[in-house]
Every structure is written in structure tokens, then in C-alpha cells.
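Colleague:
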Amino acid sequence: DAKTTQPPSMDCAEGRAANLPCNHSTISGNEYVYWYRQIHSQGPQYIIHGLKNNETNEMASLIITEDRKSSTLILPHATLRDTAVYYCIARGEDNTDKLIFGTGTRLQVFP
Amino acid sequence: AAGVIQSPRHLIKEKRETATLKCYPIPRHDTVYWYQQGPGQDPQFLISFYEKMQSDKGSIPDRFSAQQFSDYHSELNMSSLELGDSALYFCASSWDSMNTEAFFGQGTRLTVV
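Here it is, written out as C-alpha cells:
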């Protein structure tokens with residue numbers, strides 16, 4: 007599984023967009039980029055995933071560079087409830103492929 | 006919508022005792038994953054099952070065993086508990102399709118005293 011690197015922490019003002027970067031320079035062709043978040047010891051929550059095209063859902067947008075070596079998770083209007091640890095994970099396409107959690111980015115949204 | 010159900014939510018055991026954690030996946034999900042998260046740490050993969058067979062194994066101690074039953078629920082059995090086994094244990098499930106997301110339960114907090 008490809009290793010991902012993320013900044014350990016970020017701050018964001020409430021109502022502003024939060025842009026969380028992730029580097030995955032060794033990602034292989036069949037690995038997807040998944041984003042999860044964990045709010046204060048709750049179970050990790052799925053956010054979004056993609057292969058090479060940009061993706062958007064009701065929670066966030068995922069922008070993947072053309073060379074697939076990095077990506078950015080965008081929370082368009084951060085709220086206090088978005089304060090969490092965000093994990094970027096490279097995972098194979100098979101449903102039995104495990105998720106390997108790195109250290110993640112601790113996002114603090116402030117009023 | 007139904008989610009992944011884990012029981013119990015909290016468990017307190019003494020050293021050298023045994024514990025059994027249960028996971029009930031989302032209906033029609035046939036893959037289950039177990040994770041351990043120690044205090045201040047990130048979730049660590051333990052083991053996974055697909056169609057009742059072990060599909061992958063991570064850093065699971067030999068004192069731990071797990072299985073997936075015919076109804077797809079899974080149990081993690083932990084014996085000779087140590088203080089260091091105190092952690093959150095998460096179960097996740099997914100269904101048999103390519104590039105499908107896994108959904109996590111709310112976890113079992115195990116405290117070994």
C-alpha cells in the first residue's frame with residue numbers, strides 16, 4: 007500500500023473553506039485515494055474517494071492532481087463540527103483491501 | 006440506514022482475563038475488518054474476513070483470534086489480557102464490489118485493569 011503524508015495540524019475559520027493536502031507520490035495505478043475523518047474517538051467516518059477524476063459529494067470535494075501524486079480534500083464551508091482528525095489513505099480497488107491509517111491531519115475549526 | 010453495530014460499547018476486564026468483542030456488519034456486507042486504536046494513536050489494522058474466510062492479517066497478537074460466522078457477524082476473542090490491550094476496537098464492513106467504501110462502527114472501549 008502506498009504511503010501518504012499529511013501535515014499534522016491545520017486551523018480553519020468557521021465558514022471558510024478548509025483545504026487539506028495529502029501527498030501520495032508512490033501510489034500505484036489501481037489504488038484509490040480515500041478520505042476518512044475521526045471525531046473525538048468515534049468510529050472513523052467515510053468522506054469521499056477517487057481514482058483520478060475530481061469528486062464531489064454532500065460532504066466534500068476531492069481534487070487529485072493529474073499525476074496522482076497528491077490530492078486535496080476541500081470542505082467548502084467548515085463548521086465547528088468539522089473539527090476532527092482527517093486521514094488520507096491509498097487503498098487498492100478490491101473490497102477486501104484494508105485501510106491503512108497514517109498520522110492524519112488534526113483540523114481545528116475556530117469561531 | 007443500518008450501520009455497523011459493535012457490542013459491548015464498553016468493557017472492563019482484569020489482567021489475564023478473556024474478552025469477546027462482537028461486530029454486526031451492515032446488511033449484505035460480507036467483508037469485516039478489525040482495528041485497534043490505543044490512547045493517542047491512530048487505528049491499527051488487526052485482521053479482516055471476506056465470506057467467512059480470513060482475507061488479511063495485520064499486527065494482531067497471537068493471544069487474539071477472530072472469526073466471521075455464517076450470518077457475517079464477526080467476533081474478536083482476546084485472551085490473557087494485558088494492560089496494554091486497553092484501547093478502542095473498531096470494526097468496519099464493506100460489500101463485495103470494486104472500490105467500495107468501508108463503514109465503521111462506533112467501537113468498543115476495552116479497559117484492562
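Protein sequences appear in the order of chains A and B. Under this note's numbering, residues 7 to 117 are what the first sequence spells out, in order. Under this note's numbering, residues 6 to 118 are what the second sequence spells out, in order. We put the beta carbon where it would ideally sit given N, CA and C, even for glycine.
1. Suppose you measure from the CA of residue 69 of chain B to the CA of residue 87 of chain A; what does that come to, to the nearest Å?
2. Under 8 angstroms by Cβ, that's how I've got residue 22 of chain B and residue 88 of chain B pegged, so tell me the actual separation to the nearest angstrom.
3. Using a C-beta to C-beta distance shorter than 8 angstroms, which residues of chain A count as neighbours of residue 3 of chain B?
4. Report the residue from B:100, B:76, B:72 and B:109 whose alpha carbon sits nearest the alpha carbon of residue 25 of chain B.
5. Looking at chain A, which residues of the stretch 72-104 of chain B have a Cβ within less than 8 angstroms of any of its Cβ atoms?
6. Measuring only the C-alpha atoms, how far is residue 114 of chain A from residue 77 of chain B?
7. Counting along the chain, where does the beta strand (DSSP E) carrying residue 4 of chain B start and finish?
8. Report yes or no: is there a C-beta of chain B within less than 8 angstroms of the C-beta of residue 106 of chain A?
9. Just list the residues that DSSP pairs residue 39 of chain B with in beta bridges.
10. Residue 67 of chain B versus chain A: which residues are under 7 angstroms apart at the beta carbon?
11. On the DSSP bridge list, what partners appear for residue 83 of chain B?
12. Determine, using beta carbons only, whether residue 107 of chain B and residue 99 of chain B come nearer to each other than 8 angstroms.
Modeller: In terms of the structure at hand:
1. 36 angstroms
2. About 12 angstroms; that fails the 8 angstroms criterion.
3. Chain B is shown from 6 up to 118; residue 3 of chain B falls before or after that span and cannot be answered.
4. B:72
5. 93, 95, 97, 99, 100, 101, 102, 103 and 104
6. 38 angstroms
7. Here chain B covers residues 6 to 118 and nothing more, so residue 4 of chain B does not appear.
8. yes
9. B:52 and B:96
10. Simply none; closest approach about 20 angstroms.
11. B:24 and B:69
12. yes
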